[in-house]
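Numbering-wise, our numbering puts 460 at position 124 of the sequence shown, and it's gapless, one number per residue.
All residues carry an ideal CB built from backbone N, CA and C; glycine is no exception.
These numbers were taken from a predicted model, which means no experiment stands behind them.
A short worksheet on the structure shown next.
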Amino acid sequence: PVEAVEELSSKLDRCRGCLLSSSYEYPGRYAQWSLGFADPPVCLEAWGKKFKVSALNTRGMPFLPVLHEALKGNEAVLEAKLVGADKIEGVVKEAEGFFSEEERSKQPSIFSVVRAVVNIFSSDEDPHLGLYGAFGYDLCFQFEQIPLHQKR
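Next comes the structure, spelled out in structure tokens:
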């Protein structure tokens, strides 16, 4: 409903969340849709090889032990530790050796963390349950050793 989208859109001026919408329609192929939320329970942030998962509210707290166990057990993660009651901080291992073009995306990187979190939030019962957000340009540095010209 249009009213729900407008209400969510207004709320996103004041809090975290996401609104995805498509107004394109083509009979038999595409339909209009909208998907959104406000006040998400957890947040995943990364910079370089470091990452942080934070519970943003009380709804996020039950996720942290599950996420912590998954990240501790991930072979690409060098360290994942609980920091206080509402945060996980960690580091991804450095990639070693040569990776062919086909294997490059499978080397240890922040994408290893993203894949682990996506696996936790995926469900056959709810196709909309997932990990939503934005990726920054710096993620390309996970795959390519590019000389940096800006401090990061």
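query                                                                                                                        : result
Please classify Asn410: is it buried, with 16 or more other beta-carbons within 10 angstroms of its beta-carbon, or exposed? : buried
Exposed or buried, what is Phe387 when buried is set at 16 or more other beta-carbons lying within 10 Å of its beta-carbon?  : buried
Taking DSSP's pairing of strands, which residues face Ile424 in a bridge?                                                    : Val389 and Leu418
With DSSP collapsed to three states, give me the class of Ser458.                                                            : coil
Going by the DSSP bridge assignment, what does Gly353 pair with across the sheet?                                            : Ala374
How would you write the range of the alpha helix (DSSP H) that Ala406 sits in, first residue to last?                        : Phe399 to Lys408
I need the straight-line Cα distance from Asp375 to Thr394, nearest angstrom please.                                         : 11 Å
In whole angstroms, give me the CA-to-CA distance for Val341 and Phe447.                                                     : 31 Å
DSSP beta-bridge partners for Pro432?                                                                                        : Going by the sequence as given, residue 432 is Glu instead of Pro. DSSP lists no partner for Glu432.
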